[in-house]
Ligand SMILES: Nc1ncnc2c1ncn2[C@@H]1O[C@H](COP(=O)(O)OP(=O)(O)O)[C@@H](O)[C@H]1O
Ligand SMILES: [Mg+2]
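This is the structure we're talking about:
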């Protein structure tokens, strides 16, 4: 019960209390009974060791201490019995009162100790659970990284093989030296196109495999969307495909990396343009949505078959002949690093809406 004090200190305390009780009893013997006030005062000092015993060692210790006090006082009580009967009676009656006070103090201290011990136990259990949870999360992250790495290398090998085969074929024809003027031009253009494709693939792949951490800063979303629209102006598109901006009220600032977020929205807009084979609008919107700023890219294109939807964010998933299948994977990764979410939603009518939810700046959200 006396778990708070080290054993050495407990021993010293017991010795001190015993010495105190013995000294008081000796004084009772030495001081003549005529100094009755002094005896009375000394008598009340017994209260101290009895209560200390209860508080430090538990309520039972008060009982033992009272018994010890009673024993050492017995000779004094016997002497006082005939000379000062009222005083002697006081001595007898005060013993149990001190004892009860000591036991109550001991019980309260015990209760507090138990409460503290159970708190300590709960804290230790919580720490253990937290540690296990953390280890599990680390394990999961590692497993996910490994499977992504495996997926990536398999996908990359596959993606490189086709353009490489075309380049080798074209180079082989040129090397034989018997190609006509027209086929020389064809071969060179095959080499050019496929080399560019490999270059694009590698650039996106590196962005995916070695993403740089975002340089977070307070930023406005509307100018970022404006510069995406200016870039998208140069993208190849079917006749009658227009890109529109739809922003209503003034938007709060967010915390983000403007360059990376521009890349994400540009990816979405280009995908939307490519998915619109005939006239239609691509609408880029932004609005406050609870704790987030939501950027939407909505098109009236061919849409995504339900079976493909779960796969579009996988690296190398593409339905385009010259696609890398890395645009959405890179974008999702960037958005995740911003603490946001990128999601795809089929429209009621035609086409898709991509939603980019970005957390507001902490100060603004508060
Ligand atoms: N707005 C869209 N409408 C229809 N399909 C889309 C849209 N955006 C993406 N997709 C589908 O998701 C696939 C993966 O896109 P992405 O990762 O950008 O790679 P890529 O554009 O190189 O194919 C696309 O090939 C396409 O099938
Ligand atoms: Mg794309």
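Residue numbers (this note's numbering): 2 to 367.
C-beta: ideal position from N, C-alpha, C; glycine also.
In this text the structure is predicted, and so the values were computed from the model without any measurement.
| Asked | Found |
| --- | --- |
| With 16 other Cβ atoms within 10 Å as the buried cut-off, status of residue 268 | buried |
| Rounded distance between the beta-carbons of residue 55 and residue 71, thought under 8 Å | Their Cβ separation, rounded to whole angstroms, is 16 Å, which puts residue 71 and residue 55 out of contact at 8 Å. |
| Any residue whose CB is nearer than 5 Å to a heavy atom belonging to ligand 2, listed in chain order | 272 and 328 |
| As assigned by DSSP and simplified to three states, the class of residue 142 | helix |
| Beta-carbon proximity of residue 342 to residue 212, cut-off 8 Å | no |
| beta-carbon residue 353 near ligand 1 non-hydrogen atom, thresh 7 Å | yes |
| Sufficient close CB pairs (3 or more, under 8 Å) joining the segment 346-364 to the segment 272-283 | yes |
| Own chain residues within Cβ distance below 7 Å of residue 261, not counting five before or after | 215 and 335 |
| Cβ-based neighbour list, residue 367, same chain, cut-off 7 Å, excluding 5 preceding and 5 following | The predicted model places residue 367 with a pLDDT of 45, which falls under 50 and marks its position as unreliable, so this point remains unresolved. |
| Run of the alpha helix (DSSP H) containing residue 12, from where it starts to where it stops | 8-31 |
| Backbone CA spacing between residue 83 and residue 107 [nearest angstrom] | 35 Å |
| Whole-angstrom C-beta distance between residue 74 and residue 94, which should lie under 8 Å | Not quite, the Cβ-Cβ distance comes to about 13 Å (not below 8 Å), so this is no contact. |
| Beta-carbon gap between residue 256 and residue 224 smaller than 8 Å | no |
| Contiguous beta strand (DSSP E) assignments of at least 3 residues, all confined to the segment 111-196 | none |
| Residue 268 beta carbon near ligand 1 (any heavy atom closer than 7 Å) | yes |
| Residue interval of the beta strand (DSSP E) (run including residue 289) | 281-290 |
| Range covered by the alpha helix (DSSP H) that runs through residue 61 | 60-84 |
| For residue 355, the first and last residue of its enclosing alpha helix (DSSP H) | Where residue 355 is concerned, there is no enclosing alpha helix (DSSP H), although the beta strand (DSSP E) it sits in stretches over 353-360. |
| Residue 264 - DSSP class collapsed to helix/strand/coil | helix |
| Residues that DSSP places opposite residue 45 in a beta bridge | Bridge partners of residue 45: none, in fact. |
| Residue 293 versus 157, 252, 234 and 324, residue with shortest Cα-Cα distance | 252 |
| Reduced DSSP category for residue 297 - H, G, I as helix; E, B as strand; rest coil | strand |
| Residue 222 CB to nearest heavy atom of ligand 1 below 7 Å | no |
| Contact set for residue 51: own chain, Cβ-Cβ below 8 Å, skip 5 residues either direction | 63, 66, 67, 70, 99, 100, 102 and 103 |
| Rounded separation between residue 201 and residue 140 - CA only | 33 Å |
| Whole-angstrom C-beta distance between residue 246 and residue 226, which should lie under 8 Å | 6 Å |
| Residues bridged to residue 220 (per DSSP) | 255 |
| Cβ-heavy atom distance, residue 320 to ligand 1, below 7 Å | yes |
| Beta-carbon proximity check, residue 228 vs residue 191, cutoff 8 Å | no |
| Proximity test, residue 303 beta-carbon vs ligand 1 heavy atom, cut-off 7 Å | yes |
| Contact under 8 Å by Cβ, residue 47 with residue 28 | no |
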